[in-house]
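Here's the structure, in structure tokens; my notes come after.
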Amino acid sequence: MNFIIYFQLALFFQIPVEFENKQVFYPKPVRAESTHSYNVLHYLIDLDLPMNSRYLSGAVTIAMRSNINNLNRIDLYLLGLGVDSVRVDGIMATYNHIGETLWINLPQVYNQGDSFNVMVGYSGTATGSMGYLWYQSLHPISYTLGCPFAEKNWLPCYDALWDKADYGVEFYITVPESFTVCATGEFLGKTVQQGYATYHWRHNYPISPYLIHFASSIFTTYSDWYHSAPDESLEIKYYFWPEDSVYTTNAFSLTTDMLEFYDSLFGAYPFERYGMDVVSPFYYGGMEHQTTSTILRQWIIQGNFYGMAHELSHQWWGDMITCFGWANVWLNEGFATYCDALYLEKREGHQVFINTMLGRRNAYFSAEASNPHPIYDPPPNQIFSWGHSYCKGSWVLHMIRYLCSNDSVWLNLLSTYRDSFAYKNASTDDLKRITNQVLNGDYTWFFDEWVYQMGYPYYSILWNKIYESPNWRLILDITQIQTIGPAVFHMPLPLGINFSAGDTILTLAIDSSPQHFEFLLTQEPMQVVVDPQNWIIQKNIVTPVFELSSAHTQTDLTTSVARRIILRLKDKQIIKVFDVTGRLLDEWKADYLNYRPSAAGVYFLRYQDRTKKFVIIE
1 MNFIIYFQLA LFFQIPVEFE NKQVFYPKPV RAESTHSYNV LHYLIDLDLP
51 MNSRYLSGAV TIAMRSNINN LNRIDLYLLG LGVDSVRVDG IMATYNHIGE
101 TLWINLPQVY NQGDSFNVMV GYSGTATGSM GYLWYQSLHP ISYTLGCPFA
151 EKNWLPCYDA LWDKADYGVE FYITVPESFT VCATGEFLGK TVQQGYATYH
201 WRHNYPISPY LIHFASSIFT TYSDWYHSAP DESLEIKYYF WPEDSVYTTN
251 AFSLTTDMLE FYDSLFGAYP FERYGMDVVS PFYYGGMEHQ TTSTILRQWI
301 IQGNFYGMAH ELSHQWWGDM ITCFGWANVW LNEGFATYCD ALYLEKREGH
351 QVFINTMLGR RNAYFSAEAS NPHPIYDPPP NQIFSWGHSY CKGSWVLHMI
401 RYLCSNDSVW LNLLSTYRDS FAYKNASTDD LKRITNQVLN GDYTWFFDEW
451 VYQMGYPYYS ILWNKIYESP NWRLILDITQ IQTIGPAVFH MPLPLGINFS
501 AGDTILTLAI DSSPQHFEFL LTQEPMQVVV DPQNWIIQKN IVTPVFELSS
551 AHTQTDLTTS VARRIILRLK DKQIIKVFDV TGRLLDEWKA DYLNYRPSAA
601 GVYFLRYQDR TKKFVIIE
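In the working numbering, the protein residues as written are 1 to 618.
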């Protein structure tokens, strides 16, 4: 899903969240499916749509298999619509519909492994901002939008990401004859009778409820074909309003190129067909419905290739492998956000990729400053936080790529993850296990610090150089001064050391704060640059000690976490404040100082032949 355009879900969930700077004990993922009483096998959806309102009527038949012995009651979810009848294996069943929960009393007891069918007839006018939507726009248009909690607003279902319908979904949707219906899967034909057309669609792959989709309007269509091999072809079908035909040739011109690119990285496209339906109005920029991404009309008018690349990549990361509950939403959105940046790099070069990643890192910094939280199990109104789930999520994957040391290892990690969880659900801990397996180590520390906790490292680096003929000694003192999240981030830290002729990168193993390092170099170090290739979420202050005036080269290091420097002395002394260049900023004779610098940065306070270094953070 792409939220760059228009709305975030904070508009829909007004849930206050408060954070304190305390130790956080985070829950671990639980395999909830093992405790659910049944498993959904298939959805058969038969609907009548008048296409003049949000009214719909029809029936859904759900094939199920019992997970327990003595199963005599099941729960489904349906919100805002009325239940007309319920049958179990053709036998009328009693039920209670309370709020969003539909409790069905089974006419007979089923044991573990037994299969049965539940048919729910229902009808009504859908309400709410999501679910089943109808608008009188340029043409009448209706479509489903169940992400993240609204599939039950139009479909009786077990509305949980981890209960995929093992054998997919099938549709029979009847509309007035002038309308066209597109849906998940393959189009199997239509029948026309007395002014109404019934469209038949089928999808045979496992699918989570929120990825089931259909749309109906006065659509026109055309197809592209992607040939992964000379004798293999995949249809890509587009549905849009006739008036927009002028835009589509350009807007959809890169779809086959995107498919070829993602195929080369992630393996073959995972489903039988791909396509896009264009809708307006739409709360999101795009939504990765399985086999058919729904996109905002403005995207084809503006030619938003990278939004489309984002949604296409979800077919691998989000649809084929679906996050195990919204606590793990960063897996869906972090992968897709990283993928659209990779496609951008393919089209426009590495520096554009880096600039995009840095812009997204800044978006995360802003989001963390205003609403700090981990990307695992975000607050309900922050599930689709652009700065966290998308931007930080993509950077976590970027950092895993860095830990892989080279791209062949990274691609092996992705293929192992894909092969392990294809057409299933995956959690953060699942990705951690794959990382441990492929990298042959224990990366619990990484996921604990970057996923299960909030914050990021803020490095204060003091460095010096001493000539020891014929070499130079580089001295580094590194302190992490972040005020939220772990006191120490253990991410290996790359430092660029620039010489008058060339440069090198030293990778430092970080295990404490503060931490001292010394290196003997054959050339004089001229500059120290933190993370020169941009692999890590971090901020830093780098101070070259040798550039300070000779009057205050020895320093007593002190970190200030407030934007004030406070000093108390026994008697009055001359107190001087210098900036990192050695420039004198202020001078007093006093026994008490309460000084507020004009900006964040590094300052040196000199008195009684002593110098203290203060780091004033933002």
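In this text, a Cβ means the ideal position worked out from N, Cα and C, and glycines have one as well.
Under 9 Å between C-beta atoms of Leu520 and Leu474 = yes
query = Hey, would you say Tyr595 sits closer than 9 Å to Leu567, going by beta carbons?
reply = In contact: Tyr595 and Leu567 (Cβ atoms closer than 9 Å).
> From Ser137 to Asn52, what does the alpha carbon distance come to, in whole angstroms?
Replying inline: 11 Å
Cα separation between Tyr199 and His373?
-> Our two residues, Tyr199 and His373, have alpha carbons roughly 45 Å apart in a direct line.
Inspect the beta-carbon positions of Tyr364 and His388 and report whether they are closer than 9 Å.
yes
**OP:** Pick out whichever of Thr504, Ala165, Gly146 has its Cα sitting closest to the Cα of Glu524.
**Re:** Across the set Thr504, Ala165, Gly146, the C-alpha of Thr504 shows the shortest separation from the C-alpha of Glu524.
Review point. Going by Cα to Cα distance, which pick from Gln573, Thr522, Leu403, His42 is closest to Met491?
Key: Leu403
(message) Can you look up His516 in the DSSP assignment and give me helix, strand or coil?
(response) strand
### Message
Looking at the strands, I want to know which residues DSSP matches up with Cys182.
### Response
The partner list for Cys182 (beta bridge, DSSP) reads Ala215.
I'd like to confirm the pairing. Which residues does DSSP put opposite Gly455 in its beta bridges?
Gly455 pairs with nothing; no bridge assigned.
Quiz prompt | Val602, DSSP secondary structure in three states | solution = strand
* Could you check what DSSP says for Gln315 in three-state terms: helix, strand or coil? => coil
Taking the continuous beta strand (DSSP E) assigned at Thr94, which residues delimit it? Premise fails: Thr94 is in no beta strand (DSSP E) and is neither H nor E.
| message | Distance check for Asp231 and Ile62, CA to CA, integer angstroms please. | response | 37 Å
**Q.** Per-residue burial, Tyr592 [other beta carbons within 10 Å of its own, 16 or more giving buried]
**A.** exposed
Inset, instruction - Evaluate Phe219 with the Cβ neighbour count: other Cβ atoms within 10 Å of its Cβ, from every protein chain shown; 16 or more gives buried, anything less gives exposed. - result: buried
Note to self: Bridge partners for His289 per DSSP, in chain order?
What the structure shows: Note: His289 sits in no beta bridge, so no partner.
Close-in-space but distant-in-sequence residues of the same chain around Ser233 (CB under 8 Å, 5 per side omitted): Trp225, Tyr226, His227
Query raised in the report: So is Pro470 buried or exposed if we call it buried at 16+ other beta carbons inside 10 Å?
Result: exposed
(Q) Given this structure, state the Cα-to-Cα distance separating Thr543 from Gln608, to the nearest angstrom. (A) 23 Å
Have a look at Leu265, Ile236, Ser280 and flag the residue whose alpha-carbon is nearest the alpha-carbon of Gln290.
-> Ile236
- Item | Close-in-space but distant-in-sequence residues of the same chain around Glu345 (CB under 6 Å, 5 per side omitted) | Phe353
Rounding to the nearest angstrom, what Cα-Cα distance links Met678 and Trp103 in this structure? Residue 678 falls outside the range modelled here, since the chain spans only 1 to 618, and no answer is possible.
Looking at C-beta atoms only, is the number of pairs between the segment 171-181 and the segment 309-323 that lie closer than 8 Å three or more? no
*asked:* I'd like to know whether the C-beta atoms of Asp430 and Phe266 end up nearer to each other than 9 Å.
replied: No, the pair does not count as a contact, with Cβ atoms beyond the cut-off.
Indicate whether Phe261 and Val329 have their beta-carbon atoms separated by less than 9 Å.
no
Quiz item: With distances taken between CB atoms, is the gap from Gln527 to Pro494 smaller than 9 Å?
Solution: Contact flag unset, no.
Could you pull the DSSP bridge partners for Gln136 from this structure? Pro140
* Asked: Which one of Leu44, Tyr143, Asp407, Thr101 has the shortest CA to CA distance from Leu56?
  -> Tyr143
* **Identity of the residue in Gly113, Trp154, Leu145 nearest Gly80 by Cα** => Closest by alpha carbon: Trp154.
By Cβ distance below 8 Å, which residues in the same chain neighbour Val60 in space, the five residues on each side in sequence not counted?
The answer, listed in chain order, is Tyr43, Leu44, Ile45, Asp46, Met119, Val120, Tyr122, Leu155, Pro156, Cys157.
Which same chain residues, not among the five before or five after Phe335, have their C-beta less than 6 Å away from its C-beta? Trp317
Using the rule of at least 16 other Cβ atoms within 10 Å of the residue's Cβ for burial, across every protein chain shown, is Arg606 buried or exposed?
buried
- Message: Ignoring anything shorter than 3 residues, give me the beta strand (DSSP E) runs that lie fully in the segment 471-536, in order along the chain.
- Response: 471-480, 493-498, 503-508, 515-521, 527-530
message = Measuring only the C-alpha atoms, how far is Ser598 from Tyr458?
response = 20 Å
Return yes when the Cβ of Tyr376 is within less than 9 Å of the Cβ of Thr428, no when it is not.
-> yes
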